[in-house]
Every structure is written in structure tokens, then in C-alpha cells.
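Below: one structure, written as C-alpha cells.
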Amino acid sequence: MPLVIHTIPAFQDNYLWLFHQAGQRAAFVVDPGDAQPVLNCLKEHDLELAGILITHHHPDHTGGIKALVASNDVPVYGPDSANIPQISHRLYEGDCINLADTQFSVLEIPGHTLDHIAFTASPEGETPLVFCGDTLFAAGCGRLFEGSAEQMYQSLQKLSALPDTTRIYCAHEYTLSNLAFATVVEPSNQALQHKLAADEKKRQQGLPTVPTTLAIERETNPFLRCHLAALALAASQHSARELSNPIEVLREIRLWKDTF
Ligand SMILES: [Zn+2]
């Protein structure tokens, strides 16, 4: 049976993800920044909350935990972070948990925050997937609030090592603004132009642009392309310094995006 994943929009541009096995009522929510939209989705689909997964400590990912566990006594899986006291099951790199008949493994991916983790799975008969919070976005990556450019680079490398077909369930609809930046960094990238046209159409129809896939991101996401000459050139021109090390390139592109 397939793993069903519901997209729950919240706040301005967050996505909360709720998943369950087809035909089963036990559902798990990823990064419930707000409880009410999660409760609405459970009710609408006649599901029962069975657990909560947390990628990192920011309030737009954790704000709903308290209200959800008050009405549903369920485990809360997340990083070993002093900032999230509600975590009942603290997870580390390589840990595996079985949820909705699916084995998830944990990657530690610091950079956006120091406590950031991702949950990856390869559901039987389906393409792999990753819930990666605010680390990898469609055509972008998270801001460096706590970690270094080097940590973000290593974390993105770790995500980039997943299979090409991996579905990227990130936590925000930032795609069009990320693509606007990416096309300035890499104006001659045809794949970027195609993605921009396709995603503009989706947004005009009110559809989410995520999940994306790792194959698409490898072709269009500047933060996964820092090892390429075109990106080194763009970063060098922007900083007016010769940059070739992919970590330096990532640092420069991230700073550039911060003020774009
Ligand atoms: Zn965040």
C-alpha cells in the first residue's frame, strides 16, 4: 500500500506534512508549527494522530506540539535539542524508526540551525523521500542562523547523496523567489528557465511546487551546484575575489541571497 502524504499549508508559506499508510488511520505529522490545520486535516480524512516528527527548533515548526500532545498522547521524535523540551524520542545520525509501516532513517544536517535533522525513507514500491525542514528548498537552501557555510555544505552533500528520484519535502513555499535569485546567478541554465516557467504556472493555479526531486535540484539549485565552474565564476564576480572552493562559493552565494 502506498504512503499517503497530505500537504497542509500553514502561516504565510509553511508546509506541514501529514502521512499515513493507505487504508490505515494512524497518521504522523512533520513540523507542526500550528496545531489547528493539523487537527482539521486529521478530521477531514478521518485519521488519528499517532506521532509527531520535528526537524529543528524554530517556532514555525514546533509551535503546535503542545496543543497536539495535549489532545493526543503521542510520541514526539526529533533532535537532541535543549530548545525543544517536548521531544520524547531524541534521534541521532543513522537512527531508524518505523512509522506507518515505513522505515525512516535520520540524517543530522546542521547549518540552518545546529539541531537540524532530516527523515529519509524508501517506501516499498515507491520513490524515496526526505523530510528536510529548512535545509534544502526547491532552488534554495535555508539561511545560516546558527551553523557555518561549511556545515551547510556538508549537510547538503549528505542530502545530495540520496538517490536522484528522492522526493524533497521541504517546509516552505519559497520556490519562485529562490528561482528568481537562481536565474540571476546562473542566467544561461536552461533547466532553470524551464523550472521557473513550470512553477509559475503551478503557483498561478494555487498548487504547491513541492515536493521537488533531487534530480531536478541537482540541475537547478545553486546551493547543490557550488562545485561547478559556472557557480564559482558567478560567486567570484559578485565578491570581486577569486573563489574556487565550493564551501567558499556556497558562503558567497548564501550571503548574496540574504540581501537579494
Ligand atoms: Zn527554520
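When we follow our numbering, the leftmost residue of the sequence shown carries the number 9, and every step to the right adds one.
Using N, Cα and C, we set each Cβ at its ideal position, and we do this for glycine too.
Only a predicted model underlies this, so the values are computations on that prediction, with no experimental measurement involved.
Quiz prompt | Shell residues, 5 Å Cβ cut-off relative to heavy atoms of ligand 1 | solution = HIS66, ASP142
Exercise. Over the uninterrupted alpha helix (DSSP H) stretch that includes TYR161, give me the two end residues.
Key: For the purposes of this step, residue 161 is identified with residue 153 of the sequence shown, where counting begins at 1. Unbroken alpha helix (DSSP H) run through TYR161: 157-168.
Quiz item: Counting along the chain, where does the alpha helix (DSSP H) carrying GLU116 start and finish?
Solution: Sequence index remark: in the sequence shown, residue 116 carries index 108 (1-based). Run containing GLU116: none in the alpha helix (DSSP H); it sits in the beta strand (DSSP E), 110-116.
Exercise. For TYR23, write down the residues that DSSP places opposite it in a beta bridge.
Key: Within the sequence shown, the letter at position 15 stands for residue 23. Its beta-bridge partners are PRO17.
Quiz item: Got a sec? Which residues, its chain only, sit under 8 Å from PRO136 by beta carbon, not counting five neighbours each side?
Solution: Sequence index remark: in the sequence shown, residue 136 carries index 128 (1-based). Taken in chain order, the residues that qualify are THR128, ALA129, SER130, LEU170, PRO171, THR173, THR174, ARG175.
Self-check item: Residue of MET9, PHE19, GLU56 minimising C-alpha distance to LEU26
Solution: Stepping through the sequence shown from its first residue, residue 26 is reached at position 18. Residue GLU56 is the option with its Cα nearest to LEU26.
Exercise. Give a yes or no on whether the C-beta atoms belonging to GLN111 and CYS104 are separated by under 8 Å.
Key: The residue you call residue 111 lines up with position 103 of the sequence shown. The residue you call residue 104 lines up with position 96 of the sequence shown. It is a contact, given that the beta carbons lie within the stated cut-off.
Exercise. Note down the Cα distance separating ALA35 from TYR85, rounded to an integer number of angstroms.
Key: Mapped onto the sequence shown, residue 35 falls at position 27. Mapped onto the sequence shown, residue 85 falls at position 77. Distance between the alpha carbons of ALA35 and TYR85: 14 Å.
Practice problem: With hydrogens ignored, establish whether the beta-carbon of LYS265 is closer than 7 Å to any heavy atom of ligand 3. | Solution: Ligands in the displayed structure: ligand 1; ligand 3 is not one of them.
Exercise. Spatial neighbours of HIS246 within its chain, please: CB distance less than 7 Å, with the 5 preceding and 5 following residues excluded, ordered by chain position.
Key: Sequence index remark: in the sequence shown, residue 246 carries index 238 (1-based). Counting only Cβ-Cβ distances below 7 Å, and skipping sequence neighbours, we find GLU260, TRP264.
Quiz prompt | Nearest-angstrom beta carbon gap, PRO230 and GLU256 [assumed within contact, 8 Å] | solution = As a working mapping, residue 256 is identified with position 248 in the sequence shown. As a working mapping, residue 230 is identified with position 222 in the sequence shown. Contact flag wrong, Cβ pair sits at about 14 Å.
Quiz item: Whose C-alpha, out of LYS166, ASN197, ALA205, HIS14, is nearest the C-alpha of LEU184?
Solution: Here residue 184 refers to the residue found at position 176 of the sequence shown. Among LYS166, ASN197, ALA205, HIS14, the Cα nearest to that of LEU184 belongs to ALA205.
Quiz prompt | Close-in-space but distant-in-sequence residues of the same chain around THR217 (CB under 8 Å, 5 per side omitted) | solution = Within the sequence shown, the letter at position 209 stands for residue 217. ALA146, GLU181, THR183, LEU184, ASP207, LYS210, ARG211.
Quiz prompt | Cutoff 6 Å; reference THR220; Cβ partners in own chain excluding five residues on either side | solution = Walking along the sequence shown from the start, residue 220 turns up at place 212. Hits under 6 Å: ALA146, ILE176.
Quiz item: If you count every other CB in all the chains shown that lies within 10 Å of the CB of GLY141, and 16 or more means buried, which is it?
Solution: The residue you call residue 141 lines up with position 133 of the sequence shown. With 16 or more other Cβ atoms within 10 Å, it is buried.
Self-check item: Terminal residues of the alpha helix (DSSP H) in which HIS120 lies
Solution: Residue mapping note: residue 120 aligns to position 112 of the sequence shown, counting from 1. Element bounds for HIS120: n/a, residue is neither H nor E.
Self-check item: Helix, strand or coil at LEU99 [DSSP, three-state]
Solution: Counting from one through the sequence shown, the residue named residue 99 turns up at place 91. LEU99 falls in the strand class under three-state DSSP.
Quiz item: If we call anything under 8 Å between Cβ atoms a contact, is ILE62 one with VAL82?
Solution: As a first step, residue 62 is located in the sequence shown; it is residue number 54 there, counting from the start. As a first step, residue 82 is located in the sequence shown; it is residue number 74 there, counting from the start. Cβ atoms of ILE62 and VAL82: not closer than 8 Å.
Quiz prompt | Reduced DSSP category for ARG259 - H, G, I as helix; E, B as strand; rest coil | solution = In the sequence shown, residue 259 corresponds to position 251, counting from 1. Residue state, collapsed to three classes: helix.
Quiz item: Are the beta-carbon atoms of ASN106 and HIS65 separated by less than 8 Å?
Solution: Counting from 1 along the sequence shown, the entry for residue 106 is found at position 98. Counting from 1 along the sequence shown, the entry for residue 65 is found at position 57. Going by C-beta atoms, ASN106 is not nearer than 8 Å to HIS65.
Quiz prompt | DSSP bridge partner residues for LEU214 (one or two, in chain order) | solution = Your numbering for residue 214 matches position 206 in the sequence shown. A small correction: the amino acid at residue 214 is Gly; Leu does not occupy that position in the sequence shown. BP columns for GLY214 are empty, so no partner.
Practice problem: Mind checking which residues open and close the beta strand (DSSP E) that includes PRO87? | Solution: Numbered from 1 along the sequence shown, position 79 holds the residue referred to as residue 87. Start and end: 84-87.
Quiz item: If you draw a straight line from the C-alpha of ALA126 to the C-alpha of VAL46, how long is it?
Solution: Against the sequence shown, residue 126 aligns to sequence position 118. Against the sequence shown, residue 46 aligns to sequence position 38. The alpha-carbon atoms of ALA126 and VAL46 are separated by roughly 20 Å.
Exercise. Would you kindly check if the distance between the Cβ of ALA18 and the Cβ of ASP42 is under 8 Å?
Key: Here residue 42 refers to the residue found at position 34 of the sequence shown. Here residue 18 refers to the residue found at position 10 of the sequence shown. In contact: ASP42 and ALA18 (Cβ atoms closer than 8 Å).
Self-check item: For SER163 and GLY119, the rounded distance between their alpha carbons
Solution: Translated into the one-based positions of the sequence shown, residue 119 becomes position 111. Translated into the one-based positions of the sequence shown, residue 163 becomes position 155. Using only the alpha carbons, I get a separation of about 7 Å.
Exercise. Over the uninterrupted alpha helix (DSSP H) stretch that includes THR143, give me the two end residues.
Key: Walking along the sequence shown from the start, residue 143 turns up at place 135. Taken as a continuous stretch (DSSP letters only), THR143 belongs to no alpha helix (DSSP H), as it is neither H nor E.
Self-check item: For ALA56, the residue or residues it bridges with in DSSP
Solution: Looking up residue 56 in the sequence shown gives position 48. In the sequence as displayed, the identity of residue 56 is Glu instead of Ala. Answer is ALA34.
Quiz item: Sorted by chain position, which residues of the same chain lie with C-beta nearer than 8 Å to ALA190's C-beta, five sequence neighbours on each side aside?
Solution: Residue numbering aside, residue 190 sits at position 182 when the sequence shown is read from its first letter. Only ALA147, GLY148, ASN197, LEU200, THR228, ASN229, PRO230 meet the Cβ criterion.
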